[in-house]
Amino acid sequence: MCGIIGYCGPKVAAPILIEGLKRLEYRGYDSAGISVLGPDGRHRIVKKKGKILDLRKAVPAELPGGTGIGHTRWATHGEVSDRNAHPHTDAAASVSIVHNGIIENYSALKQRLQGKGYIFVSETDSEVIAHLLSDLYDGDLERSVKHAVSLLKGTYGMLAMHVNEPGVIVGARNGSPLVVGVGDGEMLIASDVTALVEHTKQVLYIEDGEVVRMTADGHRTTDLRDKPIDRELQVIGWQIEEIEKNGYDHYMQKEIFEQPESILRAIQGRLEPENATAHLGGLNMTSRELLDIERVKIIAAGTSYHAGLVAAYALESLARVPAGSELASELRYRNPIVERNNVYFAVSQSGETADTLYAMRELQRKGARVLGICNVVGSTIPRESDGGVYIHSGPEIAVASTKAFTSQLSALYLFTLLLARMRHMSYEAGLRFMHDLERIPDLVQEVLTRTEHVQELAKKYAQAKNFLFLGRGINYPVALEGALKLKEISYIHAEGYSAAEIKHGPIALINEETPSLFIVPNDGLRDKVISNMKEVKARNGKVIALGVDGDNELADIVDDVMFVPKTHELLYPYLTVVPLQLFAYYTALELGRDVDQPRNLAKSVTVE
Ligand code: M6R
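Terminal number for the sequence shown in our numbering: 604, no gaps in between.
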């Protein structure tokens, strides 16, 4: 939540900061600002409610200075306004800071500082850092930042500049990501690598409890007791083209259409045809340990949680191991029981989701083995997990997660195959499943060729005020995902349910104006779902069915029908989710919504 960036170097900082904020905008986009330390030795702060575009317009054409910091906000404390936007400063404008995270003890600190005469102008928790630094400044910004953060409770990724130390930025991290980009005669620092990739591929991840001091010539990282940290630079694998729209109208559209390729990337090189199994080296587990697994638990949030729900069906069905997916935010606070031989997966596209990260830490405290399934290389969850799998989807920029979902499924299906083959699955059955999995990228491509029909349906139903998504078995989580996609980007109220469950309550919502979308693959539950559809039709509800090629009976029962190609019963979620992603996308477009940056949301939710 919130994106921060800093630049020290020979170039004019302002445009670099703004471009970087544009890349980080998916982290929060209600207001933004920059502070540049000008040649006159003063901080020039420009901040604005609205998107980076609004900030860009507000920044004067001439804003000289080669050292600066910037921030794009997702409000936690205080309304969305110019005043609450970052950077924040003290009354003398000697210091300017940007902050991502939440300062839990800000009230107490604020009172203390107000007692000393400091005047606060915003409603944010972050402003307290500026006054605290101003109060503690002793001629050395790095030392003063260390002193200040030792008094903070909560989470921060923060950057600070002081007028007495031109050319210097000091950053500190506790719970909110910070990565340094080492350029040629210039240094950058940001919440994530998307803001750096244009300038350098060499990065250094800052860990909790560390402080980095940077100038154009270099950087020094130490812990709060001044112990130097000597960590190797890492090389970012992403290319700049991957974070561009490349001819698509929206990132979400691009990411939906990238799925054949991203699924392939997640699977490629991880299948062992000679043994009809999968190979996942990063798990850091011996065959013996894998064999001893007695339960698999997946913890995640949002779309990643839905991927976990799908995987739990597959794990139980194919590997015959008890499995479940739980919301990380719930697990953390219910004192979870960790049993020997339980394996946990923390599934997260960003690898930074606070709910998932904190739940993972709680499990690890209790001795659990937690493996990560993440997309962003070098993010906190993979760094702190006991092993795991990168899904290699490439950058996912749209707030609505799409390609990460199908790649998370891929990693989890590979793990399922691995475990299944160690248990009850025969070589032949393993080979068949493997081949079905390998065909998925082509089948997703086939689903994408049917986009126009989905677009027509989106147009037809876009005025609905409420929507139900219904599925059963392994497609029940897909119904949840379809509803999440629609509500988050179109703002239409949508609910996902098990098709069997509607008679226990939700059917009361059915009338001519509340459409229901049923996922009805040709599996063992098809006839039951058809009965549920008929129950809705009998109450004058409009029904869209998402069925499998050749199931011609569906058209006679429902108002509209979409089809996906045939596949393995347990692999349908790959195919059924795609029309739902497209449906949400085109509905949002029809309603004129901001598809990539829907209201009130942020891509990476780094607060609890
Ligand atoms: O980065 P993560 O996968 O941990 O994010 C989890 C959720 O915040 C995320 O899936 C969210 O629900 C998306 N906006 C859904 O499209």
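Just so you know, even glycine gets a beta-carbon here, dropped at the ideal spot from N, CA and C.
All values derive from a computational prediction rather than experimental measurement.
Distances from the CB of Q593 to the heavy atoms of ligand 1 are all 7 Å or more.
If you ignore the 5 residues before and after I48, its C-beta comes within less than 7 Å of the C-beta of I14, L17, K18, E21, A28, T68, all in its own chain and listed in chain order. The Cβ atoms of P256 and R291 lie no closer than 8 Å to each other.
Under the 10 Å beta carbon count, Y423 is surrounded by fewer than 16 other beta carbons and is classified as exposed. Beta-bridge annotation (DSSP): K43 is paired with G29.
Measuring C-alpha to C-alpha distances from K223 to each of H195, V208, E237 identifies V208 as the nearest. Proximity of the stretch 118 to 130 to the stretch 79 to 87 meets the contact definition, three or more beta-carbon pairs being nearer than 8 Å. Here A144 has I125, L128, L129, L132 as same chain residues with Cβ atoms under 7 Å from its own Cβ, once five neighbours each way along the sequence are excluded.
Of A342, A315, S283, the smallest CA-CA separation from L327 is found for A342.
As for any alpha helix (DSSP H) of minimum length 4 sitting wholly inside the stretch 349 to 393, the runs are 350 to 361, 376 to 380, ordered along the chain.
No Cβ-Cβ contact shorter than 8 Å links M248 with M210.
The closest heavy atom of ligand 1 lies 7 Å or more from the beta carbon of S381. Remark: the C-beta of L476 is outside contact range of ligand 1, defined as less than 7 Å to any heavy atom. Note on geometry: alpha-carbon atoms of T85 and N471 lie some 51 Å from one another. Annotated three-state conformation of H95 is strand, per DSSP. DSSP, reduced to helix, strand and coil, places F116 outside both helices and strands of the structure shown, so it counts as coil. Residue pairing from DSSP places R209 in a beta bridge opposite V166, R216. By the Cβ rule, the stretch 150 to 162 does not count as touching the stretch 330 to 342, because fewer than three pairs are nearer than 8 Å.
By the C-beta density criterion, G64 is buried, having at least 16 other C-beta atoms within 10 angstroms. Distance from the CA atom of E285 to the CA atom of C4, rounded to whole angstroms, is 48 Å. Secondary structure at T196: coil, using DSSP grouped into helix, strand and coil. With respect to A479, E491 sits close: the two C-beta atoms are nearer than 8 Å.
In terms of Cβ geometry, E531 and A460 do not form a close pair [threshold 8 Å]. Near ligand 1, residues with a Cβ at less than 5 Å from any of the ligand's heavy atoms are A297, G298, T299, S300, S344, Q345, S346, T349, A396, S397, V601; the list follows chain order. Proximity to S90 across R38, A168, E549 peaks at R38, based on C-alpha coordinates. Look at the stretch 539 to 566 and you find these whole runs of alpha helix (DSSP H), each 4 residues long or longer: 549 to 553. Take K45, set aside five residues on each side of it, and the residues of its chain with a beta-carbon closer than 8 Å to its own are D26, S27, V76, S77, D78, A81, in chain order. By the CB criterion at 8 Å, I393 and I239 fall inside the cutoff.
With a cutoff of 8 Å on beta-carbon distance, V574 and V395 are scored as not near each other.
Per DSSP, K461 lies in no beta strand (DSSP E) and is assigned neither H nor E. Membership of I14 in any beta strand (DSSP E) is not indicated; the residue belongs instead to the alpha helix (DSSP H) covering 9 to 20. Along the stretch 267 to 329, the beta strand (DSSP E) occurs as fully enclosed runs of 3 or more residues at 291 to 296, 319 to 323, listed in sequence order. When C-beta atoms of the stretch 396 to 406 are compared with those of the stretch 571 to 586, three or more pairs fall below 8 Å, so the two segments count as touching. With distances taken between CA atoms, E254 lies nearest to T445 out of T445, R221, R357. Rounded to the nearest whole angstrom, the CA to CA distance from S321 to F465 is 20 Å.
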